[in-house]
Structures are given as structure tokens and as C-alpha cells.
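**Student:** Can you read through this structure? Questions will come right after.
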Amino acid sequence: MICSDVLEHLRQPEDTLRRLIPFMKENGRIICSLPNIMHISVIMPLLKNGLFEYQDSGILDKTHLKFFTRNSIIRLAQNLELSIEEMDEKYTPISESQQGYLAKLSSVIGNDNLKDFEVLQYIFTLKK
62 MICSDVLEHL
72 RQPEDTLRRL
82 IPFMKENGRI
92 ICSLPNIMHI
102 SVIMPLLKNG
112 LFEYQDSGIL
122 DKTHLKFFTR
132 NSIIRLAQNL
142 ELSIEEMDEK
152 YTPISESQQG
162 YLAKLSSVIG
172 NDNLKDFEVL
182 QYIFTLKK
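What follows is the structure, given as C-alpha cells:
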């Protein structure tokens with residue numbers, strides 16, 4: 062099953078996935094892609110100017126009802142008693158000002174999750 066750029070448009074994405082599980086074959090998979098709300102293009106305006114403005118497309122698309130990070134995806138899988146077989150990241154180049162902001166941010170929060178600020182989208186596979 063494929064849920065590509067779907068779950069973020071649903072009010073109850075976890076419930077929707079839960080309803081799909083009974084239709085999975087024994088070795089079946091659900092392939093999903095979700096935008097990363099933790100991307101620097103969202104975090105930087107929020108922290109600098111208090112701005113969280115929906116847009117016509119992208120991470121803050123006006124039609125998005127739910128937002129996800131790497132950790133919330135992991136929690137989603139755990140809640141569904143599914144495992145994440147594979148998780149890939151889609152990156153886009155970030156600007157010099159964003160790179161500078163990430164450097165400042167790392168001095169406050171450390172480097173452990175710093176790469177998550179550069180991930181535009183997660184593509185992952187769920188299995189029973």
C-alpha cells in the first residue's frame with residue numbers, strides 16, 4: 062500500500078492507517094511520505110519572527126491538517142504496533158542564512174538532531 066503525501070491531509074491519520082492494517086498481507090508493507098515540520102524553512106521564521114504562515118504548497122501547505130517530525134513518525138509506528146523497516150530523507154539545499162542559523166541553533170541544542178532541520182520530507186516503509 063502507498064500513502065504518498067496523503068497522511069498530512071487527514072484529521073486522523075493514525076486511525077486511517079489502523080484501518081488499513083487488516084488489509085495488509087503477511088509480508089505486506091505501507092510506504093509513506095510525509096513533510097518534515099522541523100525543517101529550517103519552518104523553524105527559522107517561527108523562532109526569529111514568530112511567523113507560522115500557511116502557503117499554497119510545500120511543508121506549510123494550506124491543506125495540511127497534521128504535521129510530523131522524525132520522532133512523531135516513530136511514535137506513530139509504535140502506536141500502530143508496526144515497525145519502520147526503512148526511513149529515507151529527502152533534502153533540498155538550504156541558504157547561507159539558514160546554515161548560519163543552524164550553526165547558532167546547534168550551540169543551544171547540540172548537534173544530535175541537527176540534520177533533522179535539513180530534511181524536507183521523510184519516506185518510510187511500515188511493516189507488521
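Taking our numbering, I'd label the letters of the sequence shown as residues 62 to 189.
Note that CB positions come from ideal geometry on N, CA and C, so glycine has one too.
Since the structure is predicted, the reported quantities are computational estimates derived from the model, not experimental observations.
I'd like the span of the beta strand (DSSP E) that includes Pro-83, first residue to last.
**Tutor:** That residue, Pro-83, is in no beta strand (DSSP E); it is neither H nor E in DSSP.
**Student:** For the beta strand (DSSP E) containing Lys-188, list its first residue and its last residue.
**Tutor:** Taken as a continuous stretch (DSSP letters only), the beta strand (DSSP E) holding Lys-188 covers 180 to 188.
**Student:** Report the option in Ser-133, Ile-104 and Gly-111 whose CA atom is closest to the CA atom of Ile-120.
**Tutor:** Comparing Cα positions, the closest option is Ile-104.
**Student:** Can you find the residues in the same chain that come closer than 7 Å, C-beta to C-beta, to Pro-74, ignoring five residues on each side of it along the sequence?
**Tutor:** Leu-68 and Lys-127.
**Student:** When burial is assigned at 16 or more other CB atoms within 10 Å of the CB, is Leu-137 buried or exposed?
**Tutor:** Classification for Leu-137: buried.
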